[in-house]
Amino acid sequence: MQKTEALYQKDASLQTHETTISSITPVSDLPQDLQTLFKTLESGQPYVVTTPQTIFHAQGGGQPTDTGSIILSHSGEEAVFKVHQVRKADPAILHMGTFTPADSTLKIGQEVKQVVDWGSRVLNSRLHTAGHVLGLAIRSLSRTGVLPADLKEVKASHYPGAAFVEFQGLIAGDKKSAMQEKVDELVRQDLDVTIHFWSEEEAKERCAVVLEGVKGGEEGVRVVEVGGLGSYPCGGTHVQRLRELGRVVVRNVKRQKGISKVSYEVVEA
Ligand SMILES: [Zn+2]
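At position 206 of the sequence shown (counting the first as 1) the number is 206 in full-length UniProt numbering, and the numbers step up by one without a gap.
What follows is the structure, encoded as structure tokens:
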């Protein structure tokens with residue numbers, strides 16, 4: 001399949017974008033391995049639409065899919081293609097959804113406008129960035145002796161209502177307030193969040209955590225850096241400054257089999 005350029009990785013502020021249709025395929029006509037990327041819809045005939053570029057975040061790296069619509073550029077008509085699930089199928093990014101009305105369609109080569117559901121994107125970017133901030137806060141407390149020195153970040157997920165970071169090593173439940181204070185301090189500093197493209201070597205050397213198999217694209221490894229505090233290899237979307245997070249609330253610490261799971265959420269400041 002034709003390559004899709006992930007514009008959201010360069011500029012996460014794009015809410016709409018004009019592009020063209022590369023392909024339209026009923027999900028049932030896709031190869032089996034691609035069909036299994038998608039959850040079955042409760043209703044409607046599902047199609048996959050591809051475009052040379054996209055501003056829709058594809059599910060992955062602990063961040064949920066963007067949703068939204070793809071509409072004809074030069075028409076006053078309502079949304080034509082409702083985007084329900086976006087998935088990576090290297091080198092393409094697949095937009096799965098349904099046409100409204102059901103008998104409408106788009107044509108290959110047609111100029112269209114992508115529109116991302118901005119409310120859920122903003123929440124996902126806040127939760128995602130908050131996960132990095134919490135990870136860096138824990139790392140900082142581990143360095144200064146408040147938390148054990150041997151903590152190692154192993155996993156993170158940023159889904160609304162189920163966001164957490166996981167560390168190998170033991171974080172005692174009574175350290176919740178220390179983590180909360182550190183996170184509050186970082187947010188108060190309103191640090192900036194920047195994106196870099198580094199060589200694999202540089203990413204491995206400089207990143208706080210290198211989760212399984214860092215792979216660079218043509219431009220290198222995409223890395224997100226929080227105000228000089230630390231960096232993570234990351235393909236997701238983030239806020240630009242930590243004030244945008246509102247308040248990051250450390251919810252709970254659970255320990256099991258040597259892993260400590262710290263759950264959190266973001267609320268309005
Ligand atoms: Zn990230």
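No residue lacks a Cβ here, since even glycine has one placed at the ideal position from N, Cα and C.
Beta-carbon proximity of residue i to residue j, cut-off 7 Å
{"i": "leucine 127", "j": "arginine 87", "result": "no"}
{"i": "valine 253", "j": "leucine 186", "result": "no"}
{"i": "glutamate 200", "j": "valine 221", "result": "yes"}
{"i": "glycine 169", "j": "aspartate 150", "result": "yes"}
{"i": "serine 177", "j": "lysine 113", "result": "no"}
{"i": "valine 146", "j": "glycine 68", "result": "no"}
{"i": "alanine 92", "j": "methionine 179", "result": "no"}
CB-CB length for residue i against residue j, believed under 8 Å
{"i": "valine 250", "j": "valine 262", "result": "6 Å"}
{"i": "valine 49", "j": "phenylalanine 81", "result": "6 Å"}
{"i": "alanine 172", "j": "valine 165", "result": "That belief does not hold up - the Cβ atoms of alanine 172 and valine 165 are roughly 16 Å apart, past 8 Å."}
{"i": "valine 223", "j": "cysteine 234", "result": "7 Å"}
{"i": "glutamate 5", "j": "glutamine 53", "result": "4 Å"}
{"i": "arginine 241", "j": "valine 193", "result": "7 Å"}
{"i": "leucine 136", "j": "alanine 208", "result": "6 Å"}
{"i": "histidine 95", "j": "asparagine 124", "result": "Histidine 95 to asparagine 124, Cβ: 17 Å. No contact."}
{"i": "alanine 12", "j": "threonine 237", "result": "4 Å"}
Cβ-heavy atom distance, residue i to ligand 1, below 6 Å
{"i": "cysteine 207", "result": "no"}
Three-state secondary structure (DSSP) of residue i
{"i": "histidine 132", "result": "helix"}
{"i": "valine 183", "result": "helix"}
{"i": "glycine 169", "result": "coil"}
{"i": "valine 193", "result": "strand"}
{"i": "isoleucine 21", "result": "coil"}
{"i": "histidine 89", "result": "Reading off the sequence, residue 89 comes out as alanine, not histidine. Note: alanine 89 maps to strand in three-state DSSP."}
{"i": "leucine 94", "result": "strand"}
{"i": "glutamine 256", "result": "strand"}
{"i": "isoleucine 108", "result": "coil"}
{"i": "glutamine 59", "result": "coil"}
{"i": "alanine 163", "result": "strand"}
{"i": "glutamine 263", "result": "First, the amino acid is wrong: residue 263 is serine here, not glutamine. Serine 263 falls in the strand class under three-state DSSP."}
{"i": "leucine 245", "result": "helix"}
{"i": "leucine 72", "result": "strand"}
{"i": "proline 6", "result": "According to the sequence shown, residue 6 is alanine rather than proline. In the structure shown, alanine 6 sits in a strand (DSSP, three-state: E or B)."}
C-beta neighbour in chain C for residue i, strict 7 Å
{"i": "alanine 130", "result": "The displayed structure is made up of one protein chain only, and chain C is not part of it."}
Which residues count as close to ligand 1 when the rule is a CB under 6 Å from any of its heavy atoms, in chain order?
Selection output, chain order preserved: His128, His132, Val224, Tyr232, Cys234, Gly236 and His238.
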